[in-house]
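Novice: Structure incoming, see below.
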Amino acid sequence: MQYPRVTSISFHNHIESIAQEKIAERVLCGEVIIVRQCLQGIGYFEHLQQIILEGIRQTAGEEKAKQLKNKGFEAFHEVINLEELPSVMGMSYQLVRALTPDLAKQLVKQVFQQQKAFYFEEESNVRFHIPYDIVRQRITEYSKFQWNGKVTPHGPHHDSWYQCPTNSVNVWMAISSVKIGNGLNIYPQVYGKLLPCTKDGKILGDQYFGSALNIELEPGDAIIFHGEHLHSSEINSTDTTRFVISLRMTLDKPQFIDDNSPYKNDYIYSDPNDGLKARLAQSLVKISRRFRNRINSAIRGKENKQNYVLSLDKVSGFDDTSSAFPQPISVKIIPGTSVDETKLFLDSKDLAIGQIKPVSQKLCVARIDEHRIIAFSRNCPHEGADLASGYLRDGCVVCPWHNLPISLENGASPCQSLPKLTVFKCSEQG
Ligand code: FES
Ligand SMILES: [Fe+2]
3 MQYPRVTSIS
13 FHNHIESIAQ
23 EKIAERVLCG
33 EVIIVRQCLQ
43 GIGYFEHLQQ
53 IILEGIRQTA
63 GEEKAKQLKN
73 KGFEAFHEVI
83 NLEELPSVMG
93 MSYQLVRALT
103 PDLAKQLVKQ
113 VFQQQKAFYF
123 EEESNVRFHI
133 PYDIVRQRIT
143 EYSKFQWNGK
153 VTPHGPHHDS
163 WYQCPTNSVN
173 VWMAISSVKI
183 GNGLNIYPQV
193 YGKLLPCTKD
203 GKILGDQYFG
213 SALNIELEPG
223 DAIIFHGEHL
233 HSSEINSTDT
243 TRFVISLRMT
253 LDKPQFIDDN
263 SPYKNDYIYS
273 DPNDGLKARL
283 AQSLVKISRR
293 FRNRINSAIR
303 GKENKQNYVL
313 SLDKVSGFDD
323 TSSAFPQPIS
333 VKIIPGTSVD
343 ETKLFLDSKD
353 LAIGQIKPVS
363 QKLCVARIDE
373 HRIIAFSRNC
383 PHEGADLASG
393 YLRDGCVVCP
403 WHNLPISLEN
413 GASPCQSLPK
423 LTVFKCSEQG
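For this note's numbering, count along the sequence shown from 1 and bump the result up by 2.
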């Protein structure tokens with residue numbers, strides 16, 4: 003399969019030419035589009051910053067709001083402490099929620115340049131990813147589901163695993179700068195495949211989804227991608243906070259795999275020109291969920307799930323990528339020892355430069371270059387992802403789940419609060 007394209011455009015120079023080519027259709031075919039200066043272009047950047055600063059003023063006080071204004075949101079963790087974080091987060095959600103209908107409308111009008119009706123998810127996501135070593139001080143609290151993807155990194159997922167529509171377009175907007183080491187992971191090599199997951203939306207351990215695409219952003223830039231791209235957050239291994247607001251929308255009727263999806267009623271009908279139906283739908287947001295449910299489905303009409311296929315590959319069911327998982331290297335076991343003991347004999351000809359292969363349930367082995375072969379534990383020190391499906395970069399194994407690079411020299415990662423990975427030097431003979 004050809005990997006989906008990544009296109010970077012500047013709002014001011016290119017938005018009209020790309021819109022002619024139907025930006026939404028391209029995104030729903032797997033293209034990842036980066037719109038530089040997107041929020042500035044639609045006239046929302048300063049407004050969003052002010053709204054968040056106002057929330058901080060109300061929850062953490064005038065002084066902290068001033069400090070943050072001067073230092074920038076990258077210094078959020080230096081100004082807001084872990085005790086204040088829940089209330090700052092709650093207030094940010096509340097304030098951003100109030101402007102989401104108009105923000106969605108401006109994106110549809112000015113970026114997608116669409117005049118017809120669309121749906122947006124009532125609640126935008128506000129994501130303050132502070133450096134992981136700080137979050138870890140309260141890891142029991144911040145491991146709870148409600149913080150997943152908001153403060154702590156999300157594991158690889160399709161949005162439909164969380165019952166979002168299969169035709170959702172995700173607009174991921176940087177309010178602070180986003181660096182390699184605190185951004186978004188998109189796994190283009192498995193686009194169009196519907197991977198199996200556990201009941202609570204965790205990817206199965208034996209799936210192989212290749213290396214991640216990571217994009218650096220300046221404040222105001224946005225990444226637009228199909229919610230069915232497998233994606234996750236990088237564990238924040240930098241010393242800055244990355245602050246992002248993301249909004250899912252469908253440029254057509256939302257299509258859900260599960261008829262009982264809790265998100266179903268959260269997709270609000272709108273149109274760029276504020277027609278009567280859109281105004282009615284938005285005023286209904288304020289009334290009871292049960293009533294909204296009925297009106298929403300009357301507006302939406304019948305959904306045709308049967309005709310929906312993920313683009314590129316026609317998918318009729320789960321696509322198990324476990325067959326692409328690296329095959330174990332053969333091991334010669336010395337009588338009287340086991341595969342997890344320290345003296346193992348492997349045939350190093352089976353290991354090409356850059357390859358990682360499992361040795362046993364607990365151990366894998368990699369060849370960094372002609373002279374260096376390293377064996378190491380398969381379990382990532384962060385959340386235990388299988389490093390046998392990771393990849394090698396600059397002498398590190400990179401974890402497939404949250405893109406953490408771990409040195410194969412000494413097992414250390416940039417997140418110093420994490421335990422070191424166990425590594426074993428190997429010698430090659432003959
Ligand atoms: S970085 Fe999170 S599990 Fe490896
Ligand atoms: Fe997601």
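The beta carbon of each residue, even a glycine, is placed where N, CA and C say it ideally should be.
Is it the case that the Cβ atoms of Q117 and P256 are separated by a distance below 7 Å?
Specialist: As a first step, residue 117 is located in the sequence shown; it is residue number 115 there, counting from the start. As a first step, residue 256 is located in the sequence shown; it is residue number 254 there, counting from the start. No, the Cβ-Cβ distance between Q117 and P256 is not below 7 Å.
Novice: What alpha helix (DSSP H) runs, 4 residues minimum, are completely inside the segment 383-413?
Specialist: none
Novice: Does the beta-carbon distance from A214 to N187 come in below 7 Å?
Specialist: The count along the sequence shown starts at 1 and reaches residue 214 at position 212. The count along the sequence shown starts at 1 and reaches residue 187 at position 185. Yes, they are a contact pair.
Novice: Give me the Cα-Cα distance between Q431 and I370, rounded to the nearest whole angstrom.
Specialist: As a working mapping, residue 431 is identified with position 429 in the sequence shown. As a working mapping, residue 370 is identified with position 368 in the sequence shown. Using only the alpha carbons, I get a separation of about 17 Å.
Novice: Kindly provide the chain-ordered list of residues whose Cβ lies closer than 6 Å to any non-hydrogen atom of ligand 2.
Specialist: H159, D161 and H233
Novice: Return yes when the C-beta of E385 is under 6 Å from any heavy atom of ligand 1, and no when it is not.
Specialist: The count along the sequence shown starts at 1 and reaches residue 385 at position 383. The answer is yes for E385.
Novice: If I259 and T200 are in contact, beta carbons under 8 Å, what's the gap, nearest whole angstrom?
Specialist: Residue numbering aside, residue 259 sits at position 257 when the sequence shown is read from its first letter. Residue numbering aside, residue 200 sits at position 198 when the sequence shown is read from its first letter. Actually they are not in contact, since the Cβ atoms of I259 and T200 sit about 16 Å apart, beyond 8 Å.
Novice: When you compare only the Cα positions, how much space is there between S126 and L406?
Specialist: Numbered from its first residue, the sequence shown carries residue 126 at position 124. Numbered from its first residue, the sequence shown carries residue 406 at position 404. Looking at the two C-alpha atoms, the distance is approximately 27 Å.
Novice: Contact between the segment 222-239 and the segment 27-41 is defined here as three or more beta-carbon pairs at a separation below 8 Å; is this criterion met?
Specialist: yes
Novice: Is it buried or exposed for H14, if we count other Cβ within 10 angstroms and need 16 for buried?
Specialist: Here residue 14 refers to the residue found at position 12 when the sequence shown is read from its first residue. The residue in question, H14, is exposed, as its Cβ has fewer than 16 Cβ neighbours within 10 Å.
Novice: Buried or exposed: D268, going by 16 or more other Cβ atoms within 10 Å of its Cβ?
Specialist: Taking the first residue of the sequence shown as 1, we reach residue 268 at position 266. Classification of D268: buried, given that the 10 Å Cβ count is 16 or more.
Novice: From C366 to P221, what distance separates their C-alpha atoms?
Specialist: If you number the sequence shown from 1, residue 366 lands on position 364. If you number the sequence shown from 1, residue 221 lands on position 219. Cα to Cα, C366 sits roughly 40 Å from P221.
Novice: What is the DSSP secondary structure of L215, counted as helix, strand or coil?
Specialist: Taking the first residue of the sequence shown as position 1, residue 215 is located at position 213. Correct three-state label for L215: strand.
Novice: Name the two residues that bound the continuous alpha helix (DSSP H) containing V29.
Specialist: Along the sequence shown, read from residue 1 onward, the residue named residue 29 stands at position 27. I25 to V29 is the span of the alpha helix (DSSP H), which, as asked, contains V29.
Novice: Alpha carbon to alpha carbon, what distance is there between E124 and S248?
Specialist: Translated into positions along the sequence shown, residue 248 becomes position 246. Translated into positions along the sequence shown, residue 124 becomes position 122. The alpha-carbon atoms of S248 and E124 are separated by roughly 12 Å.
Novice: How should I182 be labelled, buried or exposed, when 16 other C-beta atoms within 10 angstroms of its C-beta is the threshold for buried?
Specialist: Here the question's residue 182 lines up with position 180 in the sequence shown. I182 should be labelled exposed.
Novice: When every heavy atom of ligand 1 is checked, does at least one fall within less than 6 Å of the C-beta of C401?
Specialist: Here residue 401 refers to the residue found at position 399 of the sequence shown. Yes; taking the cut-off as 6 Å, the Cβ of C401 has a heavy atom of ligand 1 nearer than that.
Novice: Based on Cα-Cα distance, which residue from P360, C398, V37 and S379 lies nearest to E218?
Specialist: Against the sequence shown, residue 218 aligns to sequence position 216. If we check each option's Cα against that of E218, V37 comes out closest.
Novice: T102: which of S332, S415, E56 and L50 sits nearest, CA to CA?
Specialist: Position 100 of the sequence shown, counted from the first residue, corresponds to residue 102. Closest option to T102, Cα to Cα, is L50.
Novice: Within the same chain, show all residues whose beta-carbon is closer than 8 Å to that of I136, passing over the 5 residues directly before and after it, in chain order.
Specialist: By one-based count along the sequence shown, residue 136 stands at place 134. Cβ neighbours of I136 within its own chain (closer than 8 Å, five residues either side excluded): H79 and L84.
Novice: Have a look at I358 and K345 and give me their C-alpha separation to the nearest angstrom.
Specialist: Locating residue 358 in the sequence shown gives position 356, where the first residue counts as 1. Locating residue 345 in the sequence shown gives position 343, where the first residue counts as 1. Computed Cα separation, rounded: 19 Å.
Novice: In the DSSP assignment, find the unbroken alpha helix (DSSP H) run with F78 in it and report its ends.
Specialist: If you number the sequence shown from 1, residue 78 lands on position 76. Residues F78 to V81.
Novice: Considering Cα atoms alone, identify which of L420, W174, T424 and P402 is closest to L410.
Specialist: Along the sequence shown, read from residue 1 onward, the residue named residue 410 stands at position 408. Checking every option, the nearest Cα to that of L410 belongs to T424.
Novice: Could you pull out every residue in the same chain whose Cβ sits closer than 7 Å to the Cβ of K71, ignoring the five residues on either side in sequence?
Specialist: As a first step, residue 71 is located in the sequence shown; it is residue number 69 there, counting from the start. Taken in chain order, the residues that qualify are L55.
Novice: So the beta strand (DSSP E) K427 belongs to, where does it begin and stop?
Specialist: To locate residue 427, count along the sequence shown from 1; it is residue 425. That run of the beta strand (DSSP E) goes V425 to K427.
Novice: Report the partner residues of F327 according to the DSSP bridge assignment.
Specialist: For the purposes of this step, residue 327 is taken as residue 325 along the sequence shown, with counting starting at 1. DSSP lists no partner for F327.
Novice: Identify whether A119 lies in helix, strand or coil by the three-state DSSP scheme.
Specialist: Position 117 of the sequence shown, counted from the first residue, corresponds to residue 119. Three-state DSSP puts A119 in coil, outside helix and strand.
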